[in-house]
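Chemist: Here you go, one structure.
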Amino acid sequence: MIENFPEIKTIKLKLNDVNVNCYTAGESGSPVILLHGAGVDSANISWSEVLGPLSKKHRVFAPDLPGYGESDKPNVEYSLSFYIDILNQIMDRLHLEKANLVGLSLGGGISLGYTLEYPARVEKLVLVGAWGLFSKLPYHLLTYWYTQSFLNELSYKWSSKSRRFVKWTLLNSLFGNPNNVSEELVDEIYGFLQAPHAGKAFMSFQRSEITRTGLRTKLAENLSEIKKRTLIVHGSKDTSVPIKHAFEAHEAMKDSELYVMEGCKHWPQKERPEEFTRVITTFLGKE
Numbered sequence: 014m015i016e017n018f019p020e021i022k023t024i025k026l027k028l029n030d031v032n033v034n035c036y037t038a039g040e041s042g043s044p045v046i047l048l049h050g051a052g053v054d055s056a057n058i059s060w061s062e063v064l065g066p067l068s069k070k071h072r073v074f075a076p077d078l079p080g081y082g083e084s085d086k087p088n089v090e091y092s093l094s095f096y097i098d099i100l101n102q103i104m105d106r107l108h109l110e111k112a113n114l115v116g117l118s119l120g121g122g123i124s125l126g127y128t129l130e131y132p133a134r135v136e137k138l139v140l141v142g143a144w145g146l147f148s149k150l151p152y153h154l155l156t157y158w159y160t161q162s163f164l165n166e167l168s169y170k171w172s173s174k175s176r177r178f179v180k181w182t183l184l185n186s187l188f189g190n191p192n193n194v195s196e197e198l199v200d201e202i203y204g205f206l207q208a209p210h211a212g213k214a215f216m217s218f219q220r221s222e223i224t225r226t227g228l229r230t231k232l233a234e235n236l237s238e239i240k241k242r243t244l245i246v247h248g249s250k251d252t253s254v255p256i257k258h259a260f261e262a263h264e265a266m267k268d269s270e271l272y273v274m275e276g277c278k279h280w281p282q283k284e285r286p287e288e289f290t291r292v293i294t295t296f297l298g299k300e
């Protein structure tokens with residue numbers, strides 16, 4: 014049976030001098046803002062399978078963060094504080110006093126930072142493989158050196174020349190089941206890597222956030238301060254954000270639930286979108 018979902022529309026938000034592309038669907042229910050991840054991600058890549066189903070019960074907004082997708086790519090420092098301010102402007106522009114935040118990876122870090130800074134504007138929080146559940150990265154000093162070096166930029170150029178490498182990356186880091194990686198998705202990511210700005214925003218973010226001794230913005234150390242009802246969704250095989258950090262966050266955040274998507278890696282929302290949507294919808298519907 015083919016389900017009919019509310020129409021997905023595209024709107025343009027003018028935030029000072031930055032134009033932000035935003036997908037939206039749904040006419041009723043509490044508002045939900047979906048925040049995508051980093052690299053060469055976008056709202057469409059991260060959320061295309063779940064935006065429609067979620068909009069059956071919610072007003073859903075999925076912006077392309079500045080530096081990504083169809084939004085502007087200004088020459089700024091793409092720091093966490095920059096994105097927290099952008100999210101605040103998005104909510105003002107959409108005339109939302111409060112919203113549910115669903116953040117994937119980088120988007121999860123933005124959601125955490127926003128909740129700590131503007132708790133009155135957050136209804137509920139959903140963290141998916143979130144940046145900021147940790148105070149240091151695996152092999153942190155090596156990662157710091159790499160992100161500061163020319164090799165970081167070269168990696169995007171190398172990736173843009175090899176479709177096979179793009180597919181390997183999806184299988185190695187983002188999907189647990191190789192059968193869930195479509196050739197269309199490989200082509201889509203490969204196409205994004207051809208753009209001259211590919212990786213620009215994330216490299217800037219990495220250089221801003223990753224210091225020699227840890228992360229600049231202390232999110233993991235302040236998780237206990239978050240009093241909002243929170244759902245932590247995590248792939249059991251996530252190597253980008255090891256699952257131990259999800260358990261640590263669940264322990265630190267007293268009003269939190271943890272849902273482990275067995276066998277998934279860093280993109281559970283794309284690997285098993287129906288399961289993901291069901292879990293999110295159930296959580297957001299709780300009184």
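Going by this note's numbering, the first residue of the sequence shown is number 14, and it counts up by one from there. No residue lacks a Cβ here, since even glycine has one placed at the ideal position from N, Cα and C.
Below 8 Å CB to CB, which residues in the same chain sit around residue 302 once its five sequence neighbours on both sides are set aside?
Modeler: Nothing about residue 302 can be reported from this structure: the residues present for the chain run from 14 to 300 only.
Chemist: Mind checking residue 292: buried by the 16 CB within 10 Å criterion, or exposed?
Modeler: Buried, because 16 or more other Cβ atoms sit within 10 Å of the Cβ of residue 292.
Chemist: If you draw a straight line from the C-alpha of residue 241 to the C-alpha of residue 202, how long is it?
Modeler: Whole-angstrom Cα-Cα distance: 34 Å.
Chemist: According to DSSP, is residue 55 helix, strand or coil?
Modeler: It is coil, neither helix nor strand.
Chemist: Which residues in the same chain have their Cβ closer than 8 Å to the Cβ of residue 14, if we skip the five residues on either side of it in sequence?
Modeler: Caution applies to residue 14, whose pLDDT of 37 falls short of 50 and renders its modelled position unreliable; the model cannot decide the point.
Chemist: Since residue 113 and residue 45 should fall inside the 8 Å C-beta cutoff, what is the C-beta to C-beta distance between them, to a whole number of angstroms?
Modeler: Confirmed, about 5 Å.
Chemist: Using alpha carbons as the reference points, say which of 260, 284 and 56 lies closest to residue 243.
Modeler: Cα-wise, what sits closest to residue 243 is 260.
Chemist: Assuming the contact rule is C-beta atoms closer than 8 Å, residue 235 and residue 129 should be a hit. Round their C-beta distance to whole Å, please.
Modeler: Between residue 129 and residue 235 the Cβ distance is about 6 Å, and since that is below 8 Å, they are a contact.
Chemist: Assign residue 346 to one of two classes, buried (16 or more other C-beta atoms within 10 Å of its C-beta) or exposed (fewer than that).
Modeler: This structure does not reach residue 346, given that the chain is present from 14 up to 300, and the question cannot be answered.
Chemist: With DSSP run on the structure shown, which of helix, strand or coil describes residue 147?
Modeler: In the structure shown, residue 147 sits in coil (DSSP, three-state: anything other than H, G, I, E or B).
Chemist: Beta carbon of residue 127, beta carbon of residue 74: below 9 Å?
Modeler: Cβ distance not < 9 Å, so residue 127 and residue 74 don't count as in contact.
Chemist: Just to confirm before moving on: does the CB-CB distance between residue 144 and residue 122 stay below 9 Å?
Modeler: In this structure, residue 122 lies closer than 9 Å to residue 144 by Cβ.
Chemist: Which of helix, strand or coil does DSSP assign to residue 239?
Modeler: Reduced to three states, the DSSP call for residue 239 is coil.
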